[in-house]
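Chemist: Following this message is one structure expressed as structure tokens.
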Amino acid sequence: MSILVFLEHHGNELQKGALGVLTKAASLGDSDVAAVLVGGGVKALASEAGTFGAGKVFVADDDAFEPPLPQARVDVLAKIVQEHGYETVLIANSVLAADIAAGLAARLDAGLNWDLVDITGDWVGKRPALQDSVYVDVGWKSTPRIALFRAGSFDASATGGGEPEIVDVSAELSDHSQQARVTGQELEEASGKSIEDADVIVAGGRGLGAPENFSLAEELARALGGAVGATRAVVDAGWYPYAAQIGQTGKVVSPKLYVALGISGAIQHKVGMQSSNVIVSINKDANAPIFEFSDLGVVGDVHEIVPKLTELIKQRKG
Amino acid sequence: MKIAVCVKHVPEGNAKIDPSTKRLDRAGEGALNHFDANAVEEALRVKGDSDTEVVVVSLGPARAADSLRKALAMGADRAVLISDEAAAGSDLVATSKLLAAALEKESADLVLFGQQASDSDGAVLWAAVAERLRRPVVSQAAELSVAEGSLKVKRQTEFGYDVIESPLPAVVAVSDAINEPRYPSLKGIMGAKKKPFDTLSLADIGVDAGDAGEPGSKTEVLGLSDPPSRGDARKIEDDGNAAQAILDFLAEKRLV
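So the protein sequences, as listed, match chains S and G. Positions 74 to 391 (this note's numbering) are the ones given, in order, by the first sequence. Positions 218 to 473 (this note's numbering) are the ones given, in order, by the second sequence.
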């Protein structure tokens, strides 16, 4: 068995989702697990992948790969898969990675199963479908197989692997891969941790009442060591940045703890967070749908309860 | 200029998977995938008063014509429906091949997609189609402007926004934040009936039956199961001690 994992990075950090997929790949038996890192000035990030189970890291380090665009990355991945005969390519989902996965599928005429939350060693993927009301087992009829995983499907954990073999690669870029250019960037650094990397997310919705009340969510998140998320309604209303949006049109997350403050639990939001391990929700409306998929639902006023809860957690942590 | 918009006809209401075929049951009422309405709207906005032609393209059963008619009623100029028994059950790789073959014949300057399909949650097709057409692709476009021979997109990402420029022809997938789709007017609905509408078979687009449907697909559905249950849910009313109750719960779950 040979598995290739695409390692997405942002700035000087490997993305936790990609490291989670790498951890999973390494757990699938005694396979040849390699990672691919593509970017400008990224070589220094390669050795970390060994800790998460990559025996080998292919590095395409070139200024041409600096802009976060998919098609040049397809050129690199296609070349590695073809030259080295990798049977399976595993990719953690993101705006960039989804386009890489589908481009690679078309380039190699390979099967792509997307939005998977799990995979077995005999290559059966699990995909929640129809608003997660049913789980579909999906397979591949031929190799190479390409799998795209929902964010947060696997924990990234150091497996104790050693220094990986680093293999420099270059690829001839296709004409169509070199057309698009990034001519500007506006990075919204959300205060504190990003929601993809957080074990705890405190999310706020309309029920917070006003944009300034997001401080309730921020303070609770700080006390719990977590990040702040938001519903589409409040992002559309300009209360909180898009980077924090959770749901069908935002991010899909599955932290260990999800605290929903003043969120009704519309299907749009539900699909983005219902695979969280533990869900605690506070809402004034006893009939809010969020209570149907909360482990602990509290009918009450977030403005009363949250400051007390934040204080209690701070006291406990001393 | 010519803009092609790819749209999907999706089941309305509570969609179900047919256990015998393991495919989505498409027998009931359907509608234009609402994310694709954003792409149609954006094409019409770019067109404005110009002589740009907007062609809507769909792959689906005969009744997918309803969704194409809706796009025509919104203001698109022409519709193309690829409909063939042999295309049913096509996965991503097969679907991208069929759509690309039809788009190749259109040779549009700009191909637009919506950000996802509301039935399958698929949100990747454009990149596969762009690869087959060998065109640049930009997804999650929150803003789009088209000038002479080029485009500029503001792409929403996990980290903020990227401004991306590309020459035409190109493929763009728009975010649903890009616009508010119009409702078809009565005049538009009446006018849609007279607009050109082509239905094409696999032979018409030059794709072998072996490259479509299940024979042309590289993935398969093996089985269906119930989602994992959440176990015992607790619900309490705040009697003034809810904060303590939450803390106790978090402690019990070893989360604090």
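Quick reminder that beta carbons are idealized off the backbone N, C-alpha and C, glycines included. Small disclaimer: the values here were computed from a predicted structure and weren't measured.
Cβ of S:Ala174 within 8 angstroms of Cβ of S:Leu185?
Modeler: Result yes, Cβ atoms of S:Ala174 and S:Leu185 sit closer than 8 angstroms.
Chemist: Assuming the contact rule is C-beta atoms closer than 8 angstroms, S:Val106 and S:Ala127 should be a hit. Round their C-beta distance to whole Å, please.
Modeler: 6 angstroms
Chemist: If you check the beta carbons only, do G:Ala390 and G:Phe330 fall under 8 angstroms apart?
Modeler: Against a cut-off of 8 angstroms, the Cβ pair of G:Phe330 and G:Ala390 comes out as a contact.
Chemist: How long is the line joining the alpha carbons of S:Leu80 and S:Ala108, rounded to whole angstroms?
Modeler: 6 angstroms
Chemist: Kindly provide the ranges of any alpha helix (DSSP H) runs that are 4 or more residues long and lie completely inside the segment 414-472 of chain G, ordered along the chain.
Modeler: 419-422 and 459-469
Chemist: Quick one: does G:Leu342 have its CB under 8 angstroms from some CB of chain S?
Modeler: yes
Chemist: Taking a contact to mean a Cβ-Cβ separation below 8 angstroms, would you say G:Val297 touches G:Val257 in this structure?
Modeler: In this structure, G:Val257 does not lie closer than 8 angstroms to G:Val297 by Cβ.
Chemist: For a contact defined as C-beta to C-beta under 7 angstroms, what are the partners of S:Ala386 on chain G?
Modeler: Contrary to the premise, residue 386 of chain S reads as Ile rather than Ala in this sequence. Close to S:Ile386, with beta-carbon spacing below 7 angstroms, are these residues of chain G in chain order: Leu464 and Val473.
Chemist: Look at the Cβ atom of S:Leu181, then the Cβ atom of S:Pro217, and state whether they are nearer than 8 angstroms.
Modeler: yes
Chemist: If we call anything under 8 angstroms between Cβ atoms a contact, is G:Arg355 one with G:Val341?
Modeler: With the sequence shown as reference, residue 355 of chain G is identified as Val, and Arg is not the correct amino acid for it. Taking 8 angstroms as the Cβ cut-off, G:Val355 and G:Val341 do not qualify as a contacting pair.
Chemist: Where does G:Met407 land, buried or exposed, given buried means 16+ other C-beta within 10 angstroms?
Modeler: Counting every other CB atom within 10 Å of its CB across the protein chains shown gives G:Met407 a total below 16, marking it as exposed.
Chemist: If I'm right that S:Ile386 touches S:Met346 with Cβ under 8 angstroms, what's the distance once you round it to whole angstroms?
Modeler: No, S:Ile386 and S:Met346 are not in contact; Cβ-Cβ is about 21 angstroms, not under 8 angstroms.
Chemist: List the endpoints of the continuous beta strand (DSSP E) containing S:Glu259.
Modeler: Counted as a single uninterrupted DSSP element, the beta strand (DSSP E) harbouring S:Glu259 occupies residues Arg254 to Leu260.
Chemist: Can you list, in chain order, the stretches of the beta strand (DSSP E) that have 3 or more residues and sit fully within the segment 180-206 of chain S?
Modeler: 184-189 and 198-202
Chemist: Secondary structure at G:Glu259, three-state DSSP: helix, strand or coil?
Modeler: helix
Chemist: Since G:Gly277 and G:Lys225 should fall inside the 8 angstroms C-beta cutoff, what is the C-beta to C-beta distance between them, to a whole number of angstroms?
Modeler: 7 angstroms
Chemist: State yes or no: is the beta carbon of G:Pro384 nearer than 8 angstroms to at least one beta carbon in chain S?
Modeler: yes
Chemist: Between the segment 352-385 of chain G and chain S, which residues of the former have CB atoms less than 9 angstroms from a CB of the latter, in chain order?
Modeler: Arg352, Pro353, Val354, Val355, Ser356, Gln357, Ala359, Lys369, Val370, Lys371, Arg372, Gln373, Thr374, Glu375, Phe376, Gly377, Tyr378, Asp379, Val380, Ile381, Glu382, Ser383 and Pro384
Chemist: Going by Cα to Cα distance, which pick from G:Val328, G:Ser418 and G:Leu289 is closest to G:Ser402?
Modeler: Taking the Cα of G:Ser402 as reference, the smallest distance to any Cα among G:Val328, G:Ser418 and G:Leu289 is reached at G:Leu289.
Chemist: Sort out for me which residues DSSP pairs G:Gly247 with in a bridge.
Modeler: Here G:Gly247 is bridged, per DSSP, to G:Pro228.
Chemist: Judging by CA-CA distance, which residue of G:Thr269, G:Leu249 and G:Ser267 is the nearest neighbour of G:Arg280?
Modeler: G:Leu249
Chemist: Go ahead and pull the three-state DSSP assignment for S:Gly176.
Modeler: In the three-state reduction of the DSSP assignment, S:Gly176 falls in the helix class.
Chemist: What are the residues of the segment 269-289 of chain G that lie near chain S, defined by any Cβ-Cβ distance shorter than 9 angstroms?
Modeler: none
Chemist: What does a CB cutoff of less than 7 angstroms around G:Ser335 pick up in its chain, not counting 5 residues either side in sequence?
Modeler: Val227, Asn250, His251 and Phe252
Chemist: Going along chain G in order, which residues have a C-beta closer than 9 angstroms to the C-beta of S:Asp351?
Modeler: First, the amino acid is wrong: residue 351 of chain S is Val here, not Asp. Correct list: Phe466, Leu467, Lys470 and Leu472.
Chemist: With a Cβ-Cβ cutoff of 8 angstroms, do S:Ile352 and S:Tyr331 count as a contact?
Modeler: yes
Chemist: Going along chain S in order, which residues have a C-beta closer than 9 angstroms to the C-beta of G:Glu454?
Modeler: Near G:Glu454 (Cβ distances below 9 angstroms), the residues of chain S are Ala359, Val371, Val372 and Gly373.
Chemist: I want to see whether chain S comes within less than 8 angstroms of G:Glu348, judged by CB atoms only; does it?
Modeler: yes
Chemist: Roughly how far, in whole angstroms, is the beta-carbon of S:Ala316 from the beta-carbon of G:Phe376, given that I think they are within contact range, below 8 angstroms?
Modeler: About 7 angstroms separates the two Cβ atoms, so the contact holds.
Chemist: Less than 8 angstroms separating the beta-carbons of S:Ala137 and G:Glu348?
Modeler: no
Chemist: Mapping DSSP to helix, strand and coil, what is G:Lys233?
Modeler: coil
Chemist: Can you tell me whether S:Leu110 is helix, strand or coil according to DSSP?
Modeler: strand
Chemist: Do you know how far the Cα of G:Lys411 is from the Cα of S:Lys419?
Modeler: Nothing about residue 419 of chain S can be read from this structure; chain S reaches only from 74 to 391.
Chemist: For S:Tyr313, list the residues DSSP reports as bridge partners.
Modeler: Partner(s): none; S:Tyr313 has no beta bridge.
Chemist: If you follow the alpha helix (DSSP H) that S:Lys343 is part of, which residue opens it and which one closes it?
Modeler: For S:Lys343, the uninterrupted alpha helix (DSSP H) segment begins and ends at Ile340 to Met346.
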